[in-house]
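Peer 1: Chains as they are written, first to last, in our numbering: chain A, 1 to 337; chain B, 1 to 337.
The following block contains the structure:
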């Protein structure tokens, strides 16, 4: 408990962070990091991470906490610059686990080219936490002249995903339930700012992006349809799913559309840019399995008098039917991130 | 648990936030808030709040979470602008308590003139949290031409505190231990950006500020002495302490110097500005009890060949002795904020 109480024991902990998460800003010793000016508009986001278990194939809570915030900034068209990191430790959490998590944060930050510039640590009693919870926030610089709000979406635009769906969710679930499934499964947890930058720089003109975390593709599509009053259509056949993920999902009755990812994005591009966008994504290591999965069938907001019922998401199933895609009311996989 | 799992049940929770924490940015429906450009250098900070109990005279965890981050930005000379808020809820946390906390965050944000622009919610199982933990991060705009890093501290500079010490810590302790003490005690939890702005605008030229949270005045002074290799002297007699706080501290053996505050700052000003700085502070409702408590006796870094041992904090006691002030190793009051 002493590590969280503001004394010199806490100072030891802070020194540990500084030595791992090397940043000049962390060494300022002030109550806030003093950062250089950022040209243009800002993006700002935050997420708490409570994933269970803390360590998993492909990552851990530290990597997740950095990537999640980097990705939330990336998909709105921002270059991620600065991260904060606030830890809530449960009394008795092993210091060697903490070191592993910090090292992993540092590595993910290096991969993404961002700096963790400010932080905080609190300690709670045994039974009031679960090892470690991490909350990151991030500041990014918005690229000029880019509108990824979805306001520019038009009928006929194409829906892309950057790779296979559900790897993160099924990795966590398999570990948690000791299912002994699919030893080849790994979380896809990765920083996507490089992939997004490559896509934008290719001139593919994306008009919307979202990372496919909690609630998976279903939540992302339904939110977009609501936000912009769109009718979206996807093809089940086109969804990129690893065989292990597909069979695990079928066996457990979990819809692949709702499975969380930590390194995959949905991209909407104009139809005439779809091929070049796919090519740009596939050139990147994190987008090699990118696919077109559907289209914008109707922009209800634009059609005068269009009934609200027109907005929504439909999936053409493998068997030839059409199924309405809805957001899961309460997902079956809590603490997935 | 469903409220944290990314489904439509979570969407209900988010709507609740939006309706309370009114901000156009919260309504963008994107993965990050898109903010206007900020002129000049930025300040960025974060803190997690795990205070127990959640509600106390003078505030609650929501007010604390907003004020703590506003104050961390204020003391480095930044105008606080935008806050993020990430909640970790324990399964079963009453929604009416959540509403109270959110309303309190909204009120504190209004008081401080900041906007909560982005947020996140996770839910953990019963016994893996403690009602609610809140992590805020904040972005502020640094005032130009102001150096509050302590680099400009000179011998003879005066140490001020903005008001009575220990009110927050003793309020929490009294509640937690059901001591039934001092019914008049209230936490001092307040946003200090107005006070700090008034001080700076008065032309009092502060060269360092810090808010006196975990570890209290002792931690703030010792950190400053370490950071800038200073010898600092304070007068016990000059410390502003309410009678209840003084007697509770004596009875419980808690050094008032180490007690946490949530609405008090340490200010270092040049000697010839001390009177005007005090006057400027006292004109503000939150600085009415401001006092000079000591001075910078030596700037070891500047004195060629000065022994490192010269840096540190000494207190002239009421009884006429001199006592070395050290940081508490591990404070007696965990979860004070």
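The beta-carbon is built from N, C-alpha and C at its ideal position, and this holds for glycine as well.
Checking 8 Å against the spacing of the C-beta atoms, do residue 83 of chain A and residue 43 of chain B come in under that value?
Peer 2: Not in contact: residue 83 of chain A and residue 43 of chain B (Cβ atoms no closer than 8 Å).
Peer 1: What number of angstroms, rounded off, separates the C-alpha of residue 269 of chain A from the C-alpha of residue 199 of chain B?
Peer 2: Cα to Cα, the separation comes out at about 52 Å.
Peer 1: Residues of chain A with CB closer than 8 Å to the CB of residue 84 of chain B, please, in chain order.
Peer 2: Result: 44, 45, 46 and 137.
Peer 1: Going along chain B in order, which residues have a C-beta closer than 8 Å to the C-beta of residue 263 of chain A?
Peer 2: The contacting residues do not exist; residue 263 of chain A stays about 14 Å from chain B at best.
Peer 1: Just mark residue 237 of chain A as buried or exposed, buried being the case when its beta carbon has 16 or more other beta carbons within 10 Å.
Peer 2: So residue 237 of chain A ends up on the exposed side.
Peer 1: Is it right to say residue 53 of chain B is buried, meaning 16 or more other beta carbons lie within 10 angstroms of its own, or is it exposed?
Peer 2: Under this definition residue 53 of chain B is an exposed residue.
Peer 1: Quick check on this structure: which residue in A/170, A/153, A/171 and A/205 has the alpha carbon closest to the alpha carbon of residue 275 of chain A?
Peer 2: Looking at the Cα atoms, A/205 is the closest of the given residues.
Peer 1: Is there a Cβ of chain A sitting closer than 8 Å to that of residue 33 of chain B, yes or no?
Peer 2: Residue 33 of chain B counts as touching chain A.
Peer 1: Quick one: does residue 23 of chain B have its CB under 8 Å from some CB of chain A?
Peer 2: Cβ-Cβ to chain A under 8 Å: no for residue 23 of chain B.
Peer 1: Does the count of Cβ pairs from the stretch 108-125 of chain A and the stretch 224-241 of chain A closer than 8 Å reach three?
Peer 2: Touching, no, given that fewer than three Cβ pairs across the two stretches are closer than 8 Å.
Peer 1: Alpha carbon to alpha carbon, how far is residue 117 of chain A from residue 134 of chain A?
Peer 2: Answer to the nearest angstrom: the Cα atoms are 15 Å apart.
Peer 1: Specify, as a first and last residue, the run of the beta strand (DSSP E) that residue 45 of chain B falls within.
Peer 2: From DSSP, the beta strand (DSSP E) with residue 45 of chain B extends over 42-49.
Peer 1: At what residues does the beta strand (DSSP E) containing residue 312 of chain B begin and finish?
Peer 2: Here the beta strand (DSSP E) through residue 312 of chain B covers 312-316.
Peer 1: According to the neighbour-count rule (16 or more other Cβ atoms, all chains shown, within 10 Å of its Cβ), is residue 347 of chain A buried or exposed?
Peer 2: The requested residue 347 of chain A is not part of the displayed model; chain A covers only 1 to 337.
Peer 1: At the level of alpha carbons, what is the spacing between residue 194 of chain A and residue 113 of chain A?
Peer 2: Taking the straight line joining both Cα atoms gives about 9 Å.
Peer 1: Where DSSP assigns a beta bridge to residue 33 of chain B, which residues make up the other side?
Peer 2: Beta-bridge pairing links residue 33 of chain B to A/44.
Peer 1: Based on the DSSP output, what are the partners of residue 233 of chain B in its beta bridges?
Peer 2: Note: residue 233 of chain B sits in a beta bridge opposite B/295 and B/314.
Peer 1: Does residue 164 of chain A come out as helix, strand or coil in the three-state DSSP assignment?
Peer 2: In the structure shown, residue 164 of chain A sits in coil (DSSP, three-state: anything other than H, G, I, E or B).
Peer 1: Would you decide whether residue 147 of chain A is buried or exposed? Buried here means 16 or more other CB atoms lie within 10 Å of its CB.
Peer 2: Counting Cβ neighbours within 10 Å, residue 147 of chain A comes out exposed, since fewer than 16 surround it.
Peer 1: Determine the DSSP secondary structure at residue 285 of chain B, reduced to helix, strand or coil.
Peer 2: Reduced to three states, the DSSP call for residue 285 of chain B is helix.
Peer 1: Given a threshold of 16 other Cβ atoms within 10 Å of its Cβ, counted over all protein chains shown, does residue 288 of chain A qualify as buried or as exposed?
Peer 2: With fewer than 16 Cβ atoms within 10 Å of its Cβ, residue 288 of chain A is classed as exposed.
Peer 1: Just checking: is the beta-carbon of residue 334 of chain B within a distance shorter than 8 Å of some beta-carbon in chain A?
Peer 2: Yes, residue 334 of chain B counts as interfacial toward chain A.
Peer 1: Just to confirm my understanding: we take residue 223 of chain A, look at its own chain, exclude 5 residues before and 5 after, and list those with CB closer than 7 Å. What are they?
Peer 2: For residue 223 of chain A, where only same-chain residues beyond five positions count, there are no Cβ hits under 7 Å.
Peer 1: Tell me the residue span of the beta strand (DSSP E) that contains residue 18 of chain A.
Peer 2: Note, residue 18 of chain A: premise wrong, no beta strand (DSSP E); alpha helix (DSSP H) at 8-20.
Peer 1: With DSSP as the reference, label residue 304 of chain B as helix, strand or coil.
Peer 2: Reliability fails at residue 304 of chain B, whose pLDDT of 49 lies under 50, so the model's placement of it is uncertain and the value that follows must be treated cautiously. If DSSP states are grouped into helix, strand and coil, residue 304 of chain B belongs with coil.
Peer 1: Can you tell me whether DSSP reads residue 260 of chain A as helix, strand or coil?
Peer 2: Here residue 260 of chain A sits in coil by DSSP.
Peer 1: Please confirm whether residue 175 of chain B has its beta-carbon closer than 8 Å to some beta-carbon of chain A.
Peer 2: So no, residue 175 of chain B is outside the interface.
Peer 1: Name, in chain order, the residues that DSSP records as bridge partners for residue 84 of chain A.
Peer 2: Looking at the DSSP assignment, residue 84 of chain A forms a beta bridge with A/118 and A/137.
Peer 1: In the DSSP assignment, what residue or residues form a beta bridge with residue 72 of chain A?
Peer 2: DSSP output for residue 72 of chain A lists no bridge partner at all.
Peer 1: Which residues in chain A have a C-beta closer than 7 Å to the C-beta of residue 118 of chain B? List them in chain order.
Peer 2: Chain A residues near residue 118 of chain B: 44, 45 and 46.
Peer 1: Quick one: grab the DSSP three-state call for residue 196 of chain A.
Peer 2: Helix.
Peer 1: Would you say residue 144 of chain B reaches chain A, if we count a Cβ-Cβ gap shorter than 8 Å as a contact?
Peer 2: Taking Cβ atoms only, chain A never reaches closer than 8 Å to residue 144 of chain B, which makes this a no.
Peer 1: Using the Cα positions of residue 69 of chain A and residue 109 of chain A, report the straight-line distance between them to the nearest angstrom.
Peer 2: Each residue's alpha carbon lies about 11 Å from the other.
Peer 1: Can you name the residues of chain A whose CB is closer than 7 Å to the CB of residue 122 of chain B?
Peer 2: Simply 48 and 50.
Peer 1: Assuming residue 366 of chain A is part of the alpha helix (DSSP H), what are its boundary residues?
Peer 2: The displayed coordinates of chain A run from 1 to 337. Any statement about residue 366 of chain A would go beyond what the structure contains.
Peer 1: Once the 5 residues before and after residue 326 of chain A are set aside, which same chain residues still bring their CB inside 6 Å of it?
Peer 2: So no residue of the chain qualifies.
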